[in-house]
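Colleague: Here it is: the structure, laid out below.
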Amino acid sequence: MRISGIALAAILLASCDSSAGDENEIRMSDDEGNESIVTSSTAAVVLPDGFSIYPGAAIESTTTMSGADGEGQLIIMTSSASPEDVLAHFREQAETAGYEIDMEMSTGKAHVIAGKRADGEMFTVNASAAEGDTTAMLIIGKEGSN
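This is the structure we're talking about:
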């Protein structure tokens, strides 16, 4: 259930107005005293080795999640490139960094790929076209030991 709370907090924070580098934060604790922190801002994005933002993409928001269930980032970006080009960019980076693509799906204008590395690091990219632009959401992180 904690994963659901963290995911909900991440989505809520991602929709917050984080203009001018403002930062928003939500802290949650469970009955066992485990604390989860979700932070959202438009500050500089720091990605794992081998990953970079799609060239020329504008960062709309970044959300960092950390807690007993794991840690990771949610980055929302927009680009004039096609969803297919954005996915190809992240696929190449993921495969080079040792991720195995284990899910790929396309439905209409929405395209998703996801993968996992042997050390448990996971990523998902969702790219969709709307009004001439592509909005992409990159989620990258690792599950905790719980």
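Residue numbers (this note's numbering): 3 to 148. Ideal Cβ placement from N, Cα and C applies to all residues, glycine included.
With H, G and I counted as helix, E and B as strand and the rest as coil, what does DSSP make of GLU125?
Modeller: The sequence given here has Phe at residue 125, not Glu. Reduced to three states, the DSSP call for PHE125 is strand.
Colleague: Can you check whether the CB of LEU89 is closer than 7 Å to the CB of HIS113?
Modeller: The answer is yes: Cβ separation under 7 Å.
Colleague: My output table needs one value for LEU140: the three-state DSSP class, helix, strand or coil.
Modeller: In this structure, LEU140 counts as strand in the three-state DSSP scheme.
Colleague: Per DSSP, what kind of secondary structure is GLY23 in: helix, strand or coil?
Modeller: Low local confidence applies: a pLDDT of 49 at GLY23 is under 50, so the model's placement there is unreliable, and no value is given.
Colleague: Grouping DSSP H, G and I as helix and E and B as strand, with all else coil, what is ASP87?
Modeller: Looking at ASP87 - three-state DSSP - the assignment turns out to be helix.
Colleague: Span of the beta strand (DSSP E) holding GLU106?
Modeller: Element bounds for GLU106: 102-109.
Colleague: So, ALA70 versus GLY143, is the Cβ gap smaller than 7 Å?
Modeller: No, they are not a contact pair.
Colleague: Near ALA59, which residues of its chain fall below 6 Å by C-beta distance, leaving aside the five closest residues on each side in sequence?
Modeller: The answer, listed in chain order, is MET79, SER81.
Colleague: For SER132, count neighbouring Cβ atoms within 10 angstroms of its own Cβ and tell me buried if that reaches 16, exposed if not.
Modeller: In the sequence as presented, Ser is not what sits at residue 132; that position holds Ala. Exposed, since its Cβ has fewer than 16 Cβ neighbours within 10 Å.
Colleague: What span of residues does the beta strand (DSSP E) with GLU62 cover, start to end?
Modeller: Per DSSP, GLU62 belongs to the beta strand (DSSP E) from 60-69.
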